[in-house]
Amino acid sequence: IVPLNYKGEAIRFNTDGWINATDIAKRFGKRLDHWLSNAETLEYVRALDEVYSGEPSKILHTRDSGYVKTSKARKDRGGGTWLHPKLSVAFARWCDPKFSVWCDLHIDSLLRGELTEQQKYEQACRIRDDRKSKASNGAREMARWRWDKPVIEANVEFWREQLQLTLDIAC
1246 IVPLNYKGEA
1256 IRFNTDGWIN
1266 ATDIAKRFGK
1276 RLDHWLSNAE
1286 TLEYVRALDE
1296 VYSGEPSKIL
1306 HTRDSGYVKT
1316 SKARKDRGGG
1326 TWLHPKLSVA
1336 FARWCDPKFS
1346 VWCDLHIDSL
1356 LRGELTEQQK
1366 YEQACRIRDD
1376 RKSKASNGAR
1386 EMARWRWDKP
1396 VIEANVEFWR
1406 EQLQLTLDIA
1416 C
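Okay, structure coming up:
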């Protein structure tokens, strides 16, 4: 289950883009059973089925279409009525136009495997922590260089002189 934030509230999707319609209907003060029994909903489901199957649809009831799944599990275990991603946008449009646009964009992101807001936040935190660690290490290395530089430079100078002495003797 992938919870995405819409106006401060979690909207539950699964990783395949199916959306929990039970929660959403309650949020918008709608009755899911009204939408499921709506003639336009059945017409949409039948049209969707014809596109996917390539044959005339034999679906008689939206709930029995395979594009709607109901789980009697507890809410925290994925219970509720879930809608196919293509059906989700039609349902969201019935609930609220702005929510519909938001829903459409997030379903596309899920199906393309793009990062959720939570994943983007966690990624940003990892980048920050990594850069902070490197900066700290860089500062530590800079301090070490300042401390070691005179000794290192003296060692280089010593061996340069030794090399010149060796070359002078060889000539």
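Going by our numbering, the final residue of the sequence shown carries number 1416, and the count climbs one at a time with no gaps.
Just so you know, even glycine gets a beta-carbon here, dropped at the ideal spot from N, CA and C.
Check	Outcome
Beta strand (DSSP E) segments (min. 3 residues) lying fully within the segment 1295-1340	1313-1316, 1325-1328
For Ser1316, the nearest candidate out of Leu1305, Thr1307, His1306, Leu1328 (CA to CA)	Leu1328
Burial state of His1306, where buried means 16 or more other Cβ atoms lie within 10 Å	exposed
Buried versus exposed, by CB contacts within 10 Å (16 or more), Phe1258	buried
The segment 1349-1356 touching the segment 1369-1387, judged by at least three CB pairs closer than 8 Å	no
Thr1326 vs Thr1260 beta-carbon contact at 8 Å	no
Cβ contact check for the segment 1331-1349 and the segment 1275-1285: 3 or more pairs under 8 Å	yes
7 Å CB neighbourhood of Ile1304 in its chain, flanking five on each side removed	Val1290, Arg1291, Asp1294, Ser1310
Assigned exposure category for Ile1256 - 16 Cβ within 10 Å defines buried	buried
DSSP bridge partner residues for Ala1255 (one or two, in chain order)	Asn1250
Helix, strand or coil at Asn1283 [DSSP, three-state]	coil
Sequence-distant residues of the same chain with beta carbon closer than 6 Å to Cys1416, five excluded per side	Since pLDDT at Cys1416 reaches only 49, below the 50 mark, its modelled position is unreliable, and no value is offered.
Spatial distance of Leu1281 from Glu1288 (CA atoms)	11 Å
DSSP beta-bridge partners of Ile1264	Phe1258, Leu1328
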